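Protein sequence lines correspond, in order, to chains Y and C. Read in order, the letters of the first sequence are residues 0 to 505 in numbering that gives the first Met the number 0. Read in order, the letters of the second sequence are residues 0 to 145 in numbering that gives the first Met the number 0. We put the beta carbon where it would ideally sit given N, CA and C, even for glycine. Since the model is a prediction, treat every value here as computed from it, not as a measurement. Accompanying notes for the structure given below.
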Amino acid sequence: MSLSLYPSEFRIERDPERCIVCQVCVRQCANDCHVYDEDDDCIVSNERNCVGCHRCATLCPTNAITITQNPSDFKTNANWTARVIKDIYKQAESGGVLLTGMGCDRQLPSYFDRMLLNASQVTNPSIDPLREPMELRTHLGSKPERVDFKRTGEGFDLTTELSPQLVIDTPILFSAMSYGSISYNACLALATAAQTVGTFYNTGEGGLHKDFYPYGENTIAQVASGRFGVHAEYLDVAAAIEIKIGQGAKPGIGGHLPGEKVSEEISQTRMIPVGTDAISPAPHHDIYSIEDLRQLIFALKEATGYRKPVSVKIAAVHNVAPIASGIIRAGADIVAIDGLRGGTGAAPTMIRDHVGIPIELAIAAVDRRLREEGIRHRASIIAGGGFRNSADIVKAIALGADAVYIATAALVAMGCHLCQKCYTGKCNWGIATQDPYLTKRLNPNIAQRRLVNLLHGWSLEIKEMLGGMGINAIESLRGNREHLRGVGMTQNELDILGIKSAGEAW
Amino acid sequence: MKRIYIHEEYCIGCRLCEIHCLVHHSESKKIVKAFKEEFPRAMSRLVVEEQGYLSFALQCRHCEEAPCVEACITGAMHRDPETNAILCDQEKCVGCWMCVMVCPFGVIKRDMEIKQVASKCDLCQGEEVPVCVRNCPNEAITFEER
């Protein structure tokens, strides 16, 4: 075996004054970065294996470990950056496609960071959410064109038949992550947290483990191109169904769960033999047009007696607005749009980093197109892909989204350190792994508590921001772009977002 | 009484419980000192049992009918009237190891370095929560009344 040219990404610095050789780091690293040397009674570092997950540094009882980026630089070159050179070394050694996990990490402009929110001063009063009611409840689903009433003896009766709606207590849902890509404990934490908060989690394309049926009222069941784990009971148990066409991290390509991860439990859930690769094709082999999509939407509606809303999830791509229009005309109750920065358990690096468009622009484009066509009421929009905090959520809703999907933020709340090595199955935090040594590291009770705390904190912040704007219901913010102003954007970008530049009055 | 309960499904085998137990029962109660400057080193009063991916921290169960108390020839092993914890009076202990022989859980150890006495979990007398429970990163041991 020849010398690898790929340098260590990280430095493991161990303070000898502090290290007590307790070997917690040795026991916690799934990548064998720390090795106990019996002869010298010390711990030596194997830096080449370090992925920068910080498990060792977090658990070290004396804070003896510091993980830093390897400071060793290549010669400065604006075109041939260290990242480019290292990628080439990696491929020259492996001959394969570069793989990665989580969302696009390139330094592309973040439109969230270039948008600023409004607040009331003098001419309209702000509202204190701790003293006055503030409504975050959101109804997701198709809304009627108009509502008709019938006068009865006591009052009025609604004569319009309403479409099924998903009711969420805060405009935040957990995005699709399959059992297989994440561990049983991680799925359980998401399900229980969704139930506690009054929102939904999404099964991803991995089917639904029977243990999670009790959380069906808070479950969105995904039907993806591989159709793993899709059966009558699966559709019946869930509160809504989502047809997955695309994913922000990898638009246009399918998924692949390696056979090593397909354990007995996962095989039962996905309805495939133990140890076989679970390959989701790039397209649904029965969907090649909007008309085909309509067939599947209505097949699923028929199968569930028109009692559950059907969502269609697409990646934000250049043509996202007309595609969303087609999806709504095909009968979807919800359109989920996943932006460029959306995460994944595994994707080719080039696809993740270079395909798709930022979610901010996609929301604005879709919302405007649907309004122009007069069909905005026919479906709700859930936006996903890189929502980092409550301000991002408020901005997305002001651009026209009904609610947002979060997944990366949820994983981070559970302990994820964004090392982007989900695809290796060696997640030291027990999230993106099926290794029994590692999965028990995620205590679902702790993870649930942390998820609930996160949603609680974000909801409070959203209420504060709404109150500041003088709004007392999230409904009043939706598509209310007057509350947004742009900084550091071109006129064209401002026009696409449909917002004014900072400094421009109403 | 409040006892330490084990949730082996969440034990990650990091042995931080052992480390903090040792520190708590050291002279200085300071982690770096306890490991680097105190010789003989203090002993952890608990053991982490491991087989394959299954592991759990085991310490004295403070049995209702404690065989160690019955077997003790000097009366060193006794039940604390206030806390109900089984404690070993090191002044009385002569190191006959009868308690070690009869303990059904194997959690009484011989402290050969210091005084030739029996060493066992004292539920960190004086602490609100035993240090092993407080420092478990994954709540794999809990201190509760059931």
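In the three-state scheme derived from DSSP, where H, G and I count as helix and E and B as strand, ILE171 of chain Y is classed as strand. Under the Cβ distance rule, LEU207 of chain Y does not count among the residues neighbouring chain C, no pair being separated by less than 8 Å. The count of Cβ pairs closer than 8 Å, one atom from the stretch 397 to 415 of chain Y and one from the stretch 149 to 158 of chain Y, stays below three, leaving the stretches out of contact. Neighbours of LYS425 of chain Y in chain C, taken as residues at a C-beta separation under 8 Å, are lacking, since the least C-beta distance is about 14 Å. With fewer than 16 other Cβ atoms inside 10 Å of its own Cβ, ASP39 of chain Y counts as exposed.
In terms of CA proximity to GLY100 of chain Y, Y:LYS425 leads the group Y:ILE356, Y:LYS425 and Y:ALA192.
Where PHE104 of chain C is concerned, there is no enclosing alpha helix (DSSP H), because DSSP gives it neither an H nor an E. Excluding its 5 nearest sequence neighbours in each direction, TRP96 of chain C has C-beta neighbours in its own chain below 8 Å: ARG109 and ALA117, listed in chain order. Beta bridge pairing from DSSP links ASP156 of chain Y with Y:LYS149. Fewer than three Cβ pairs drawn from the stretch 83 to 97 of chain Y and the stretch 229 to 238 of chain Y lie within less than 8 Å of each other, which leaves the two stretches out of contact. For the stretch 13 to 29 of chain Y, the set of positions with a beta-carbon nearer than 8 Å to some beta-carbon of chain C reads GLU16, ARG17, ILE19, VAL20, CYS21, GLN22, VAL23, ARG26 and GLN27 in chain order.
For GLY304 of chain Y, the number of other beta carbons within 10 angstroms of its own is below 16, and it is reported as exposed.
The residues HIS61, THR82, ASN83, ALA84 and GLU144, in chain order, have a CB closer than 8 Å to that of MET0 of chain C in the same chain once the five nearest residues on each side in sequence are set aside.
Residue pairing for CYS87 of chain C: DSSP places it in a beta bridge opposite C:MET76. Taking every protein chain shown into account, the CB of CYS41 of chain Y has fewer than 16 other CB atoms within 10 angstroms, so this residue is exposed. Nearest to GLU144 of chain Y by alpha-carbon distance, out of Y:TYR233, Y:TYR200 and Y:HIS376, is Y:HIS376.
Between the stretch 12 to 21 of chain Y and the stretch 22 to 34 of chain C there are three or more inter-stretch CB-CB distances shorter than 8 Å, so the stretches are counted as touching. The beta carbon of CYS103 of chain Y sits closer than 6 Å to those of LEU339, ARG340, ARG351 and ASP352, all from its chain and outside the five residues before and after it, given in chain order. For ALA446 of chain Y, same chain residues with a beta-carbon under 6 Å away, outside a window of 5 residues either side, are ALA188 and MET413 in chain order.
ASN442 of chain Y is a Cβ neighbour of TYR9 of chain C, given a cutoff of 8 Å. Going by DSSP, CYS41 of chain Y is part of the beta strand (DSSP E) stretching over 41 to 44. Each residue's CA atom was taken as its position, placing GLN164 of chain Y and ILE252 of chain Y some 31 Å apart. Any Cβ of chain Y closer than 8 Å to the Cβ of ARG14 of chain C would place that residue at the interface, and such an atom is present. For LYS243 of chain Y, the secondary structure class from DSSP, reduced to helix, strand or coil, is strand. Within the DSSP bridge table, the entry for VAL311 of chain Y names Y:ILE242 and Y:VAL334 as partners. Non-local C-beta neighbours of VAL47 of chain C in its own chain, meaning closer than 8 Å and more than five positions away in sequence, comprise CYS10, GLY12, ARG14, CYS16, GLU17, SER54, PHE55, ALA56 and LEU57, ordered along the chain. Pairing ALA329 of chain Y with VAL121 of chain Y, the inter-Cα distance amounts to about 47 Å.
Between PRO66 of chain C and VAL101 of chain C, the C-beta gap is smaller than 8 Å, which places the two residues in contact.
When C-alpha distances from LYS149 of chain Y are compared across Y:GLU160, Y:LEU139 and Y:GLY140, the shortest belongs to Y:GLU160. Given a length threshold of 3 residues, each whole run of the beta strand (DSSP E) inside the stretch 52 to 104 of chain Y is given here in chain order: 64 to 68.
Looking at the DSSP output, HIS138 of chain Y bridges to Y:VAL166. Contact note: LYS35 of chain C reaches chain Y through ILE19, using a C-beta cutoff of 8 Å and chain order. Neighbourhood of ARG449 of chain Y in chain C, by CB distance below 9 Å: empty, with the nearest CB roughly 12 Å away.
Taking all protein chains shown into account, GLU241 of chain Y has 16 or more neighbouring C-beta atoms within 10 Å of its C-beta and is therefore buried.
Within the stretch 247 to 303 of chain Y, complete alpha helix (DSSP H) segments of at least 4 residues are found at 263 to 269 and 289 to 302, given in chain order. Around PHE199 of chain Y, the same chain offers LEU172, ALA193, ASN217 and ILE219 as residues with beta carbons nearer than 6 Å, after the five sequence neighbours per side are excluded.
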